[in-house]
Amino acid sequence: EAQVTQNPRYLITVTGKKLTVTCSQNMNHEYMSWYRQDPGLGLRQIYYSMNVEVTDKGDVPEGYKVSRKEKRNFPLILESPSPNQTSLYFCASSLGWDRGTDTQYFGPGTRLTVL
Amino acid sequence: DAKTTQPPSMDCAEGRAANLPCNHSTISGNEYVYWYRQIHSQGPQYIIHGLKNNETNEMASLIITEDRKSSTLILPHATLRDTAVYYCIVRAHSGNTPLVFGKGTRLSVIA
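The structure is reproduced here in structure tokens:
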């Protein structure tokens, strides 16, 4: 089944404790992206990647890192989480970024709470 | 900022057509209209998109006015499982153009 998976689905952690949220897609998609969703603010893009070893900042990259060593995986790293990073996180992927290839498929979400 | 305006909520009787409007009066010539939906904090789900012609797929139909300043998403026979927040998004096909989700329309399908 074609899908985007995220792990963990739920995480409660404490300030400053490094964590990684994994994202994997099995559709051979080139484009991958991370969003966070907060009440009243909608979904905002954190980072994106247009191919292996190519990543760039989205609208709200502060406090996050990403890597794209393999096509299928795009982990989100919080080196020193803070309470303002408590949010619902979504990973998304698409075949490409041009007409006909840019329909984005989303993972199920990771609900992160930083105490 | 989102470039679209949608009503905050709508109700629809089960089995009837749900017509969700969207205004995008500042849409550019190279921007497409996309619709996604999100069912209770699940990942957003792609529904349909179009440029200027009406589009139909297995989920829905998209009607875009001739001046492209507004559109309507039609779910022909709404079911309880269609209860969700529906987002109308305009974006161009070029490079990284992230999806900008506004507040959307909360559709409640009622038995």
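Those sequence lines, one after another, are chains A and B.
In terms of this note's numbering, the first sequence has 425 at position 57, counting the first letter as 1, and numbering is strictly consecutive.
In terms of this note's numbering, the second sequence has 779 at position 111, counting the first letter as 1, and numbering is strictly consecutive.
Note that CB positions come from ideal geometry on N, CA and C, so glycine has one too.
Since this is a predicted model, take the numbers as computed values, not measurements.
query: CB contact check: Leu456 (chain A) to chain B, cutoff 9 Å; result: yes
query: For Leu480 (chain A), three-class secondary structure by DSSP; result: strand
query: Classification of Ser455 (chain A) by the beta-carbon crowding that lies within 10 angstroms, buried from 16 upward; result: buried
query: Opening and closing residue of the beta strand (DSSP E) in which Thr793 (chain B) lies; result: Outside the shown range of chain B (669 to 779) lies residue 793 (chain B), about which nothing can therefore be said.
query: Beta strand (DSSP E) segment containing His717 (chain B), residue limits; result: Gln713 to Gly718
query: Length of the line joining the Cα atoms of Lys433 (chain A) and Thr423 (chain A); result: 10 Å
query: Alpha-carbon spacing of Arg440 (chain A) relative to Asn698 (chain B), whole angstroms; result: 30 Å
query: Coarse secondary structure for Pro449 (chain A), derived from DSSP in three states; result: coil
query: Leu741 (chain B) to Thr673 (chain B) span [Cα, whole Å]; result: 13 Å
query: Limits of the unbroken beta strand (DSSP E) element including Ser392 (chain A); result: Leu387 to Gln393
query: Where the segment 707-726 of chain B meets chain A: residues whose CB sits under 8 Å from a CB there; result: Ser709, Gln710, Gly711, Pro712, Gln713, Tyr714 and His717
query: Option nearest Pro712 (chain B) by Cα separation, candidates B:Cys756, B:Pro676 and B:Ser776; result: B:Cys756
query: Assigned exposure category for Ser696 (chain B) - 16 Cβ within 10 Å defines buried; result: exposed
query: Residue-chain proximity (Gln453 (chain A), chain B), Cβ-Cβ < 9 Å; result: no
query: 7 Å Cβ cut-off: residues of chain B touching Gln393 (chain A); result: Correct list: empty, because the minimum Cβ distance to chain B is about 12 Å.
query: Cβ contact (3+ pairs, closer than 8 Å) linking the segment 719-730 of chain B and the segment 769-777 of chain B; result: no
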